């Protein structure tokens, strides 16, 4: 059975993906199309997935799973300006961001993280420098015309969903 290669968000610890990694594609509820996919990017890793696919020489479909997407072409940072501004305000005096779980108002993660796992996730989240989101990348030429799909669990990434639809 083919298992997807999951490209996790750099903002989350490995334990956030433990159940996904342990589940067979069928048990995880993925369609046959996703089950046969080799590269699945989640959240902020979506910005990096086309680069990973190209740099590693992978000739596989890319599935963005509730993920950010780079532009079809051109240069981009790892956070849109409004998010970058919010993160700058959250950074401490050393320029470190709080754990991802603390970026949002109380209750905002209720539908995303089970209540009994929030403390564990919070304790394990990395603290990245705010400069992380300033890194500039160039979208690989033609990445959006190669086999790709978008798996959305809601409207958190509404702009990305619209872009994916417009790219076919």
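Numbering (our numbering), first residue to last: 1 to 168. Glycine included, C-beta positions come from ideal geometry on N, C-alpha and C. All values reported here derive from a predicted model rather than from experimental measurement.
Coil, strand or helix - residue i by DSSP
i	result
residue 59	coil
residue 53	helix
residue 149	strand
residue 134	helix
residue 17	helix
residue 139	coil
residue 4	coil
residue 64	strand
residue 166	helix
residue 47	helix
Contact under 8 Å by Cβ, residue i with residue j
i	j	result
residue 157	residue 67	yes
residue 163	residue 69	yes
residue 90	residue 83	no
residue 100	residue 11	yes
residue 15	residue 124	yes
Nearest candidate by alpha-carbon position, reference residue i, set the options
i	options	result
residue 135	166, 75 and 40	75
residue 122	133, 86 and 106	106
residue 65	161, 137, 94 and 124	161
residue 38	168, 147 and 103	147
residue 40	108, 165, 13 and 151	151
residue 138	87, 71 and 94	71
residue 166	113, 149 and 42	149
residue 159	80, 13 and 132	80
residue 46	133, 109, 85 and 9	9
residue 111	17, 155 and 18	155
Going residue by residue through the stretch 78-131, where are the continuous alpha helix (DSSP H) segments of at least 4 residues, counting only ones entirely within it? Within the stretch 78-131, the runs of alpha helix (DSSP H) at least 4 residues long that lie entirely inside it are, in chain order, 81-90 and 118-124.
Cβ contact (3+ pairs, closer than 8 Å) linking the stretch 140-151 and the stretch 52-70: At 8 Å Cβ cutoff, the stretches touch.
Segment contact flag, the stretch 118-131 with the stretch 57-65, C-beta cutoff 8 Å, min 3 pairs: No, because fewer than three Cβ pairs between the stretch 118-131 and the stretch 57-65 fall closer than 8 Å, the two stretches do not touch.
Take every Cβ of the stretch 4-13, pair it with every Cβ of the stretch 108-119, and state whether three or more of those distances are shorter than 8 Å. No, because fewer than three Cβ pairs between the stretch 4-13 and the stretch 108-119 fall closer than 8 Å, the two stretches do not touch.
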